[in-house]
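In our numbering, the protein residues as written are 2 to 358.
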């Protein structure tokens with residue numbers, strides 16, 4: 002989005018650290034700075050109030066520094082790209098600027114995090130925003146409605162499609178490759194996918210599973226490895242690690258599995274759909290919103306046995322596989338384009354700047 006609007010918006014992006022994102026900003030000529038901001042969330046089960054106070058105090062100091070930049074450079078609007086940090090809200094408060102705030106995470110349910118000062122702190126700052134931008138209806142329901150936030154909210158789906166996708170041709174294979182893409186963490190529930198592969202192979206459906214992503218939770222990764230060894234699945238499950246080559250990931254898959262029960266929006270689901278790789282997803286959250294069952298994907302509710310049954314449907318019915326592949330691709334291309342995403346966001350920018358203070 003930033004690149005798409007660089008001729009319409011004079012950006013200055015504040016990043017927590019250097020990395021791929023800052024290198025991309027440099028590549029496309031976007032002004033940015035790196036400031037060690039502290040998260041306003043912590044893992045559940047941690048209750049270090051003193052540390053939370055120190056982190057918030059540090060952010061207040063950094064917000065004052067950024068506020069000086071905003072005032073002297075005559076910045077007209079503040080945009081926050083995540084709800085796990087309040088720095089944008091602080092800067093907007095100190096400078097009197099309007100604040101557009103993207104809500105992308107459930108926080109509690111998907112990342113097992115909690116706000117350092119509770120949900121009340123989020124509600125306090127959210128109610129001071131000019132507009133909250135929710136990336137899915139499920140995010141709107143959970144983060145706005147159920148939290149009691151009263152400020153204006155809009156729904157803008159993420160844009161992931163830029164070029165027309167290449168049509169995918171479904172072919173029958175001796176061994177079908179399934180894939181789970183995302184950080185290895187209990188929230189993504191790779192274990193259910195592994196168990197489903199075990200069931201499929203036991204029932205006479207030769208399948209392999211690629212788990213693409215970095216390890217986010219060491220103990221959970223060990224649990225996965227223990228299950229694989231106990232059921233002799235070493236030749237059926239492959240941990241590929243993190244990969245930035247999105248096309249290569251999905252070109253190697255026949256079916257994508259989304260086992261997370263708290264998916265906020267489902268970037269992986271859309272990436273898979275736009276490349277014609279059918280998705281079998283848990284029927285909840287953003288997945289239920291993105292997938293129309295038996296038209297643009299398959300939904301399941303339950304454990305590995307139910308998941309395996311849905312996978313078998315695709316394996317045994319080439320026409321169903323082909324229809325879902327084509328219709329999912331058309332749906333993704335029509336609804337999740339970068340240009341539409343940028344247009345909708347820019348409309349919010351112009352609307353915020355158009356209203357007199």
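Where is the CB? At the ideal position from N, CA and C, for every residue including glycine.
Residue 11 and residue 2 have their alpha carbons spaced roughly 13 Å apart.
Rounded to whole angstroms, residue 141 and residue 102 show a C-alpha spacing of 12 Å. Non-local C-beta neighbours of residue 272 in its own chain, meaning closer than 7 Å and more than five positions away in sequence, comprise 161, 247, 251, ordered along the chain. The distance from the Cβ of residue 118 to that of residue 68 is about 21 Å, inconsistent with a contact at the 8 Å cut-off.
Each residue's CA atom was taken as its position, placing residue 258 and residue 337 some 20 Å apart.
Residue 89 and residue 42 have their C-alpha atoms spaced approximately 15 Å apart.
In this structure residue 183 is buried. Its beta-carbon is surrounded by 16 or more other beta-carbon atoms within 10 angstroms.
Beta-bridge annotation (DSSP): residue 259 is paired with 282. Residue 21 counts as exposed, since fewer than 16 other beta carbons sit within 10 angstroms of its beta carbon.
Bounds of any alpha helix (DSSP H) do not take in residue 301; it lies within the beta strand (DSSP E) bounded by 299–301. Taking the C-beta atoms as reference points, residue 198 is found nearer than 8 Å to residue 179.
Per DSSP, residue 80 is one residue of the beta strand (DSSP E) stretching across 78–81. Residue 193: member of the alpha helix (DSSP H) spanning 191–203, first to last residue.
Cβ-Cβ distances below 6 Å link residue 107 to 143, 263, 265 in the same chain, with the five nearest sequence neighbours on each side left out; the list follows chain order. Looking at the DSSP output, residue 44 shares a beta bridge with 114. One thing to note: residue 64 has its Cβ no nearer than 8 Å to the Cβ of residue 79. Taking C-beta atoms as the reference points, residue 288 and residue 190 fail to come closer than 8 Å.
Take residue 109, set aside five residues on each side of it, and the residues of its chain with a beta-carbon closer than 7 Å to its own are 115, in chain order. Residue 212 places its beta carbon less than 8 Å from that of residue 185. Checking the DSSP bridge columns, you'll see residue 240 partnered with 212. Taking the Cα of residue 220 as reference, the smallest distance to any Cα among 204, 324, 187, 149 is reached at 187.
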